[in-house]
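Numbering (the UniProt record's numbering), first residue to last: 1 to 360.
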Ligand SMILES: O=C(O)C(=O)C[C@]1(C(=O)O)C=C[C@@H](O)C=C1
């Protein structure tokens, strides 16, 4: 899929003075709930009212959404507040119903993006419409799958496109509900710079305490918008109660969030930046040299192991290195997560080097 300016026309036309904000409850629960939230969001930075109508749940027996009935509530909210509306579609029938109820923005959820068959059905159902379609990342960290889903939608002549970053599932427990893996949306932005990128901090966070920081990180990475789950009584929400914020909190967040410029032409800034970047370049070269030297030593260990017929993996030694380096890293202001990632990558490369030497 190639980058096209046209992807972001819908957003540019909105001429917003702040990032796009899509807000509203995780699920539409009752007509009164949808209307109450819509009216509380009406005169805020929120441009689009979101509500889930069909909810894909991990386990059966949980609230699975009110179904098509909720679309009427969104229609009424749109009429009363003038806000655009958005909902998730997970099959062709959902698309038809959403179109019938004049929903403005349709998003494809993470559990749907993983299935090219379903995405294709949705793309076919969308053909010939001029809706805005946002594609959430697949649950697994797979950029090609994310881009493939976007391409299927675009091939159905949908030009009003966008991506939503909602984080990725992990088996390991982290402080997030879904690990952000910021590098993946950054890679997507590199390949498709004109595709609007929207952050869904609610699904990344899983708890409302983390939502603000995730929004700030997204804005620091030049995201175009935020999709924040918002409920007038979050603790009583029928789904995802822990991660929803109140409309008042959202208003305060939008005041507190810092939106930074992409660049500046100030001489002073550019001069200082270029000095610091020269410094980074020198250090990066040193890093590469040192890693090359380390792999040289690893090759020698490989030769030694080959002569003595000893296996490559030495778990005790490896754990000893990791433990020492995490402590050392912390002294140098490096997070445990970072040190672990770097040293796991170094260990893997070292093993690859020794494999070559041993099997020569
Ligand atoms: O110390 C060893 O035995 C090595 O082969 C070196 C090394 C490393 O790169 O640090 C690589 C593989 C082992 O699992 C442990 C450590």
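Built from N, CA and C at the ideal position, the CB exists for glycine as well.
beta-carbon residue i near ligand 1 non-hydrogen atom, thresh 6 Å
i           : result
residue 301 : yes
residue 219 : no
residue 314 : yes
residue 298 : yes
residue 308 : no
residue 317 : yes
residue 311 : no
residue 202 : no
residue 266 : no
residue 350 : yes
For residue j and residue i, believed in contact at Cβ under 8 Å, the rounded distance
i           : j           : result
residue 73  : residue 34  : 4 Å
residue 23  : residue 46  : 4 Å
residue 230 : residue 41  : 7 Å
residue 322 : residue 343 : 6 Å
residue 198 : residue 164 : 5 Å
residue 143 : residue 150 : At roughly 11 Å, the Cβ-Cβ gap does not stay under 8 Å, so residue 143 and residue 150 are not in contact.
residue 85  : residue 49  : 5 Å
residue 262 : residue 222 : 6 Å
residue 148 : residue 116 : 6 Å
residue 90  : residue 112 : 5 Å
residue 126 : residue 158 : 6 Å
residue 228 : residue 21  : 7 Å
residue 302 : residue 348 : Not a contact, Cβ separation roughly 14 Å.
residue 98  : residue 87  : 6 Å
Element boundaries [beta strand (DSSP E), containing residue i]
i           : result
residue 215 : Where residue 215 is concerned, there is no enclosing beta strand (DSSP E), although the alpha helix (DSSP H) it sits in stretches over 211–220.
residue 371 : Residue numbering for the chain in the displayed model covers 1 to 360; residue 371 lies beyond these limits and cannot be assessed.
residue 84  : 84–89
residue 107 : 105–108
residue 164 : 161–165
residue 20  : 20–24
residue 49  : 48–50
residue 197 : 197–199
Cβ-based neighbour list, residue i, same chain, cut-off 7 Å, excluding 5 preceding and 5 following
i           : result
residue 110 : 136, 137, 138, 139 and 166
residue 65  : 27, 52, 53, 54 and 55
residue 37  : 24, 25, 230, 231, 232 and 247
residue 154 : 1 and 161
residue 187 : 143
residue 241 : 234 and 235
residue 141 : 168, 181 and 184
residue 57  : 64
residue 6   : 159
residue 145 : 113, 114 and 138
Close Cβ partners of residue i (< 6 Å) along its chain, the five nearest in sequence each way excluded
i           : result
residue 201 : 211, 214 and 215
residue 44  : 251
residue 177 : 206
residue 180 : 167 and 204
residue 101 : 71 and 75
residue 152 : 119, 120 and 123
residue 68  : 97
The alpha helix (DSSP H) enclosing residue i, as first and last residue numbers
i           : result
residue 158 : Run containing residue 158: none; DSSP gives neither H nor E here.
residue 225 : Note, residue 225: premise wrong, no alpha helix (DSSP H); beta strand (DSSP E) at 225–229.
residue 280 : 267–308
residue 341 : 336–358
residue 316 : 315–331
residue 11  : 9–14
residue 101 : First-last for residue 101: undefined, no H or E at that position.
residue 118 : 116–126
residue 185 : 183–191
residue 256 : 247–256
residue 78  : 69–81
residue 232 : Taken as a continuous stretch (DSSP letters only), residue 232 belongs to no alpha helix (DSSP H), as it is neither H nor E.
residue 40  : 31–41
8 Å CB neighbourhood of residue i in its chain, flanking five on each side removed
i           : result
residue 237 : 25, 26, 27, 29, 231 and 244
residue 351 : 312 and 313
residue 3   : 191, 192, 193, 194 and 195
residue 95  : 89, 106, 122, 125 and 126
residue 294 : 346 and 350
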